[in-house]
Amino acid sequence: MSLPDPTAFVRTPAERRQLWLFLLIALVVIGAGIGLRDPWPSDEPRFTLVAKHMVESGEWLITHRGSELYSDKPPMFMVLQAAAYTLTGAWRVAFLLPSLLAALGTLFLIYDMGRRLWNHRTGLWAAIAVLATIQFVYQSKRAQIDPLVTFFITLANYGLLRHFLLGPDWRSYWLGCFAAGLGVITKGVGVLALLMFVPYLFARWRQWNELPKFHGGVWRWLAGAIALLVAIALWIVPMVLTVRSNGSPEYRAYLEDILFRQTAARYTDSWDHHQPPWYFLGVIVFSWLPLTFALVAVVPRWLERIRARDARFLLPLAWVVLIILFFSIPSGKRDVYILPALPWVALMAAPYLDALVQRRGFRWTLFGFTALLAILFLGLGIGARCGWIARANDLVVARGLGDAGAQLWNFLIAIGALAALAALVFRVRRSALGLGITLAGMWLLWGFWAYPILNDANSAAKVMRKAGEIAGPEGEIGLVGWKEQNLLLADRAVTEFGFLKPKSEQLADAIRWQEAAPQRRWIFILDNLMAPCVDPARSVVVGHANRRAWQMFRSDAVREECRGGRVPAGKPESPDDANAE
Numbered sequence: 005m006s007l008p009d010p011t012a013f014v015r016t017p018a019e020r021r022q023l024w025l026f027l028l029i030a031l032v033v034i035g036a037g038i039g040l041r042d043p044w045p046s047d048e049p050r051f052t053l054v055a056k057h058m059v060e061s062g063e064w065l066i067t068h069r070g071s072e073l074y075s076d077k078p079p080m081f082m083v084l085q086a087a088a089y090t091l092t093g094a095w096r097v098a099f100l101l102p103s104l105l106a107a108l109g110t111l112f113l114i115y116d117m118g119r120r121l122w123n124h125r126t127g128l129w130a131a132i133a134v135l136a137t138i139q140f141v142y143q144s145k146r147a148q149i150d151p152l153v154t155f156f157i158t159l160a161n162y163g164l165l166r167h168f169l170l171g172p173d174w175r176s177y178w179l180g181c182f183a184a185g186l187g188v189i190t191k192g193v194g195v196l197a198l199l200m201f202v203p204y205l206f207a208r209w210r211q212w213n214e215l216p217k218f219h220g221g222v223w224r225w226l227a228g229a230i231a232l233l234v235a236i237a238l239w240i241v242p243m244v245l246t247v248r249s250n251g252s253p254e255y256r257a258y259l260e261d262i263l264f265r266q267t268a269a270r271y272t273d274s275w276d277h278h279q280p281p282w283y284f285l286g287v288i289v290f291s292w293l294p295l296t297f298a299l300v301a302v303v304p305r306w307l308e309r310i311r312a313r314d315a316r317f318l319l320p321l322a323w324v325v326l327i328i329l330f331f332s333i334p335s336g337k338r339d340v341y342i343l344p345a346l347p348w349v350a351l352m353a354a355p356y357l358d359a360l361v362q363r364r365g366f367r368w369t370l371f372g373f374t375a376l377l378a379i380l381f382l383g384l385g386i387g388a389r390c391g392w393i394a395r396a397n398d399l400v401v402a403r404g405l406g407d408a409g410a411q412l413w414n415f416l417i418a419i420g421a422l423a424a425l426a427a428l429v430f431r432v433r434r435s436a437l438g439l440g441i442t443l444a445g446m447w448l449l450w451g452f453w454a455y456p457i458l459n460d461a462n463s464a465a466k467v468m469r470k471a472g473e474i475a476g477p478e479g480e481i482g483l484v485g486w487k488e489q490n491l492l493l494a495d496r497a498v499t500e501f502g503f504l505k506p507k508s509e510q511l512a513d514a515i516r517w518q519e520a521a522p523q524r525r526w527i528f529i530l531d532n533l534m535a536p537c538v539d540p541a542r543s544v545v546v547g548h549a550n551r552r553a554w555q556m557f558r559s560d561a562v563r564e565e566c567r568g569g570r571v572p573a574g575k576p577e578s579p580d581d582a583n584a585e
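With this note's numbering applied, the sequence shown has no gaps in its numbers, which climb one by one up to 585 at the end.
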């Protein structure tokens, strides 16, 4: 497999149409289902609740979760969600828009980088490889911070590489540094884009090929650091000034937590998501399918280019290795941590994909994967539908799906049938197209079919509607042991008694609140928090959502020994226990 000829700056009308068609397909695949569901745990309700508070309170700088300050993440993502709401007026649309736009931006940047380094076709293959990868689309269809930070890191690398490999291009360099700063105020790790300097300096020192010549310009290089700091200062400076102006212990704790505990301390002393050092190898093998199949063939070609001292391959690939090593060191790991590396792996594979899909062995691999998807989804769907899989019914009960369970199994059968049809129609010769249609169809069905099926159970929308019915139009509701989706989807203004506050203290405050107007006030509570203060015989079952059972009670259900808020202290909790889903 040889490298494509460089024709980066020749883009015909036909090539422009191909690019726009690809972006339209990406928009449909990633955007499918927007407006058909509410935020789902674990993080979506949290971020949307913070964004909703921004809109309602006008406070967009210091983030809140209910009545408490929220210091887990910088506000950039939530600010964009709030801004999207001001434009659309619909939270079901607004909460997913930042991820959608970030994903489209990432795809375009990777295309353009491939076009500039090689040609239009290589750039298109790079973008197609990213869009075909399961992890990228799955995360892009969720309201998580990771697609946005992936975009900013991709933009940072794009700017740096245009300067390092195709320069001198100082504006692109400054843009890259500024984008890295925006990544920092999105999710601290945005600064990792600057690790691109490590392989660049090595390649410059060893005089590798494909590097432009630079003369002088020390201050221009230093201006990149200024651009980085300016971007970070857009949030850090006004936030620090606001905290100092307020001066309360809560605000000072917010500052310390968001600047230190959630960054350096979280990295050096991880308190959740513990995984072995080799964890990300499994992520690459399975979550990066079907790109993983191509990697087996292109890794030897990468080694050839490294031996040929080709800096176009050294810089992105070395950066990817550094990113994976960086996140492999701490014990806390999540699959999304290496999402920013995925577009660059796809870009490095792209020069060889055109030839690779012509190979019979690779076509058989893609055909086999499509057939495997057909067997897997048909087997699971039919087995669950016919009652042959015992755990399927347990899942329906635990998730509170009810009658929607049968529709879920039909959804799985539909995906399997689509994969089987694609395998039969496109066979081995056009297996790449067959797999592409299968994956696109899977995501379309996920958005347009599965979203409505799963929404009530996953979002707690059904539970909160039932809570409103129980309380009646004039009733007031107080929340104890609540999750963000409960507050977000309540059908009225509710009273909450803190989120990180110990549950026993929440219940004590709630009982005192209820006693002030016992005829109209109800307490909505996690069922395992009622003992020993609440008589379950006098409570009302609300329902199940997110593997939790919820109940409501009025004042007459409170046992005598707990009246007046005399609630025994519960077991000690950490803030991270409260955040757990």
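Just so you know, even glycine gets a beta-carbon here, dropped at the ideal spot from N, CA and C.
C-beta atoms of A359 and I114 nearer than 8 Å: No, they are not a contact pair.
Host alpha helix (DSSP H) of V222 (start-end): In the DSSP annotation of this structure, the continuous segment of the alpha helix (DSSP H) that includes V222 starts and ends at V222 to N250.
Cβ-based neighbour list, R309, same chain, cut-off 6 Å, excluding 5 preceding and 5 following: Counting only Cβ-Cβ distances below 6 Å, and skipping sequence neighbours, we find F317.
Cβ contact (3+ pairs, closer than 8 Å) linking the region 476–484 and the region 497–515: Segments in contact, yes.
Alpha-carbon spacing of I529 relative to S508, whole angstroms: When rounded, the distance between both Cα atoms is 11 Å.
Beta-ladder partner(s) of R210, from DSSP: Residue pairing by DSSP places R210 in no beta bridge whatsoever.
L259 vs V247 beta-carbon contact at 8 Å: Yes, Cβ-Cβ distance for L259 and V247 is below 8 Å.
Neighbourhood of T92 by C-beta distance below 8 Å, restricted to the same chain and skipping five residues each side: Contacts found: A98 and L101.
Proximal residues to L384 (C-beta, below 6 Å), its chain only, five neighbours per side dropped: So the list reads L416, once near-sequence residues are dropped.
Sufficient close CB pairs (3 or more, under 8 Å) joining the region 446–453 to the region 35–47: Touching, per the Cβ criterion.
Pick from A424, P344, L425 and A418 that is closest to W447, judged by C-alpha positions: Ranking A424, P344, L425 and A418 by Cα distance to W447 puts A418 first.
Inter-residue CB distance, A298 and L343 (contact presumed, cutoff 8 Å): Approximately 18 Å separates the beta-carbon atoms of A298 and L343; this is outside 8 Å, ruling out the contact.
Residue from S435, R567, V324 and R389 with nearest C-alpha to N161: Answer by Cα proximity: V324.
Cut-off 7 Å between Cβ atoms - residues of its own chain near P203, not counting five sequence neighbours on either side: Excluding residues within five positions, the ones whose Cβ falls inside 7 Å are L318, L319, A322 and W323.
According to DSSP, residues forming a beta bridge with H548: Residue pairing by DSSP puts H548 in a beta bridge opposite A553.
C-alpha gap between P540 and G569, whole angstroms: P540 and G569: Cα-Cα distance of roughly 18 Å.
Alpha-carbon to alpha-carbon, C181 and K487: In a straight line, the C-alpha of K487 is about 38 Å away from that of C181.
Inter-stretch contact at 8 Å, needing at least 3 Cβ pairs: the region 371–382 / the region 422–436: Judged by Cβ distances under 8 Å, the region 371–382 makes contact with the region 422–436, as three or more pairs qualify.
C-alpha distance - A184 paired with G336, whole-angstrom precision: Rounded to the nearest angstrom, the two C-alpha atoms are 23 Å apart.
Closest residue to L104 among G194, A30 and R166 (Cα-Cα distance): Across the set G194, A30 and R166, the C-alpha of A30 shows the shortest separation from the C-alpha of L104.
Which listed residue (A535, M243, P280 and A345) has its alpha carbon closest to that of I333: That would be P280, whose Cα lies nearest to the Cα of I333.
Local Cβ density within 10 Å of S578, reported as buried at 16 or more and exposed below that: Confidence at S578 is low in this model, with a pLDDT of 48, below 50, so its placement is unreliable and the value that follows should be read with caution. With fewer than 16 other Cβ atoms from the protein chains shown falling within 10 Å of its own Cβ, S578 counts as exposed.
Which of helix, strand or coil DSSP assigns to H219: Three-state result, H219: coil.
Those residues which DSSP pairs with H68 across a bridge: The partner list for H68 (beta bridge, DSSP) reads L73.
Proximity winner among L493, T137 and A561, relative to T442 (alpha-carbon distances): Ranking L493, T137 and A561 by Cα distance to T442 puts T137 first.
Expected contact under 8 Å - CB spacing of N550 and N462 to nearest Å: With 8 Å as the limit, N550 and N462 qualify as a contact, their Cβ atoms being about 7 Å apart.
3-residue-minimum beta strand (DSSP E) runs that sit fully inside the region 445–489, ordered along the chain: Counting only runs of at least 3 residues, the region 445–489 fully encloses the following beta strand (DSSP E) elements, listed from N- to C-terminal order: 480–484.
DSSP-derived helix/strand/coil call for D580: Annotation note: pLDDT 45 at D580 (below 50); position unreliable, no value reported.
R395 (DSSP reduced to helix, strand or coil): Reduced to three states, the DSSP call for R395 is helix.
First and last residue of the uninterrupted beta strand (DSSP E) at F528: First-last of the beta strand (DSSP E) with F528: R525 to L530.
W392 classed as buried or exposed, judged by whether at least 16 other C-beta atoms fall within 10 angstroms: Exposed.
Three-state secondary structure assigned by DSSP to E500: Here E500 sits in strand by DSSP.
Pairwise C-alpha distance: Q510 and E565: In this structure, the straight-line span from the alpha carbon of E565 to that of Q510 is close to 17 Å.
D314 (DSSP reduced to helix, strand or coil): Residue state, collapsed to three classes: strand.
Beta-carbon spacing of V134, L111 below 8 Å: Against a cut-off of 8 Å, the Cβ pair of L111 and V134 comes out as a contact.
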